[in-house]
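Student: Here it is, the structure in full.
2 protein chains.
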Amino acid sequence: MKAVKERNFQEKIRLVQDTMFVIGGKWKLPIIISMYHGNKRFNDISLSIPHITNRMLSKELKHLEENLLIKRTIVSEYPIKVEYTLTDYCYSVSEVLIAMEKWGKHHREKIKKK
Amino acid sequence: MKAVKERNFQEKIRLVQDTMFVIGGKWKLPIIISMYHGNKRFNDISLSIPHITNRMLSKELKHLEENLLIKRTIVSEYPIKVEYTLTDYCYSVSEVLIAMEKWGKHHREKIKKK
DNA sequence: CGGGATCCACAATGATACTG
DNA sequence: CAGTATCATTGTGGATCCCG
Chain G
1047 MKAVKERNFQ
1057 EKIRLVQDTM
1067 FVIGGKWKLP
1077 IIISMYHGNK
1087 RFNDISLSIP
1097 HITNRMLSKE
1107 LKHLEENLLI
1117 KRTIVSEYPI
1127 KVEYTLTDYC
1137 YSVSEVLIAM
1147 EKWGKHHREK
1157 IKKK
Chain L
1047 MKAVKERNFQ
1057 EKIRLVQDTM
1067 FVIGGKWKLP
1077 IIISMYHGNK
1087 RFNDISLSIP
1097 HITNRMLSKE
1107 LKHLEENLLI
1117 KRTIVSEYPI
1127 KVEYTLTDYC
1137 YSVSEVLIAM
1147 EKWGKHHREK
1157 IKKK
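Chains as they are written, first to last, in the numbering used here: chain G, 1047 to 1160; chain L, 1047 to 1160.
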């Protein structure tokens, strides 16, 4: 049953890589966290995430929208006002998010002891 | 997960970014998965992960070693034989790993329905 | 066998400026 | 306000060769 075992773990690799494609990278999870905590506007999100540039935020918002995690709504035209909101689907990543926060904290403790 | 507003979510962002620094990127988790499933040798790991190059594997193994997730052991000198093993500490990422696999599977179902 | 060194090409990101 | 445009810099991938 070695072949089956082998296939299974490459399947796992694919699943993790799929996940990384959607929520990986430097900015996607920070954006989701910021929005989760109430930010809906481009500039608010931008200011809430240290060091992010408009270019990256714009790109990542598009990516997240394409992957159904957020929704873009034009609220008014003059002046233009846009709202980004998390979709219900986005809340399904919370398990990953919490695991990563937890591990980040754990890791920081580990590093301190060094 | 219900929206709970907290003022200092920037701490959360930092934690997630710390985690991403250590286990983020295209190859680190696949390497850990491969090793978790028994691969210890450079070439075995290399062959088990589709599309990875020696250069990237070499780089990432170093990074993982510096971050205490794996251990490099020289088993024999002539011919040189090296074994990479997961540290106990590395097993602490399993929660993140499992969450990501699970979400990857979930996401694939979602995509199929589209 | 387990890599490192090098060179090249290209993709991703960053800084800054600017606009409907 | 919500982004684009442009250019500079960095990161990554591929190929090849090399060495202990």
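Where a beta carbon is used, it is the ideal one built from N, C-alpha and C, also for glycine. As the structure is a computational prediction, the values presented were derived from the model and not from experiment.
#1: Could you pull the start and end residues of the alpha helix (DSSP H) that threonine 1133 (chain G) belongs to?
#2: Whole beta strand (DSSP E) runs in the stretch 1083-1160 of chain G with 3 or more residues, listed along the chain?
#3: Would you report the Cα separation of lysine 1117 (chain G) and threonine 1065 (chain G), rounded to the nearest angstrom?
#4: Cβ of serine 1104 (chain L) less than 8 Å from any chain G Cβ?
#5: Nearest-angstrom Cα distance between aspartate 1134 (chain G) and histidine 1083 (chain G)?
#6: Ignore the nearest five residues each way along the sequence and tell me which others in methionine 1102 (chain G)'s own chain have a CB closer than 6 Å to its CB.
#7: Confirm, please, whether the CB-CB distance from isoleucine 1078 (chain L) to isoleucine 1095 (chain L) is below 8 Å.
#8: Within 10 Å of its beta-carbon, does glutamate 1106 (chain L) have 16 or more other beta-carbons around it, so buried, or fewer, so exposed?
#9: Let me see if you follow: with CB-CB separation under 8 Å, is methionine 1047 (chain L) close to chain G or not?
#10: Taking Cβ-Cβ distances shorter than 8 Å, what residues in chain G pair up with arginine 1101 (chain L)?
#11: With the cut-off set at 8 Å, would you say glycine 1150 (chain L) and leucine 1061 (chain G) are in Cβ contact?
#12: Does phenylalanine 1055 (chain L) come out as helix, strand or coil in the three-state DSSP assignment?
#13: Does DSSP put lysine 1072 (chain G) in a helix, in a strand, or in coil?
Tutor: Walking through what the data contain:
#1: Taken as a continuous stretch (DSSP letters only), threonine 1133 (chain G) belongs to no alpha helix (DSSP H), as it is neither H nor E.
#2: As summarised for the stretch 1083-1160 of chain G, the continuous beta strand (DSSP E) elements at least 3 residues long and confined to that stretch are 1116-1122, 1127-1132, given in chain order.
#3: Near 19 Å, if we compare the C-alpha coordinates of threonine 1065 (chain G) and lysine 1117 (chain G).
#4: So, not an interface residue.
#5: Separation of aspartate 1134 (chain G) and histidine 1083 (chain G) (C-alpha to C-alpha, rounded to the nearest whole angstrom) is 15 Å.
#6: Within the same chain, Trp1073 come within 6 Å of methionine 1102 (chain G) by CB-CB distance, once the 5 residues on both sides are set aside.
#7: Taking 8 Å as the Cβ cut-off, isoleucine 1095 (chain L) and isoleucine 1078 (chain L) do not qualify as a contacting pair.
#8: Its Cβ being crowded by 16 or more others within 10 Å, glutamate 1106 (chain L) is buried.
#9: Caution applies to methionine 1047 (chain L), whose pLDDT of 45 falls short of 50 and renders its modelled position unreliable; the value that the coordinates give is listed next. For methionine 1047 (chain L), the nearest CB of chain G lies under 8 Å from its own CB, placing it at the interface with that chain.
#10: Correct list: empty, because the minimum Cβ distance to chain G is about 19 Å.
#11: Going by C-beta atoms, glycine 1150 (chain L) is nearer than 8 Å to leucine 1061 (chain G).
#12: The answer is coil: DSSP assigns phenylalanine 1055 (chain L) none of H, G, I, E or B.
#13: DSSP places lysine 1072 (chain G) outside both helix and strand once states are collapsed to three, so it counts as coil.
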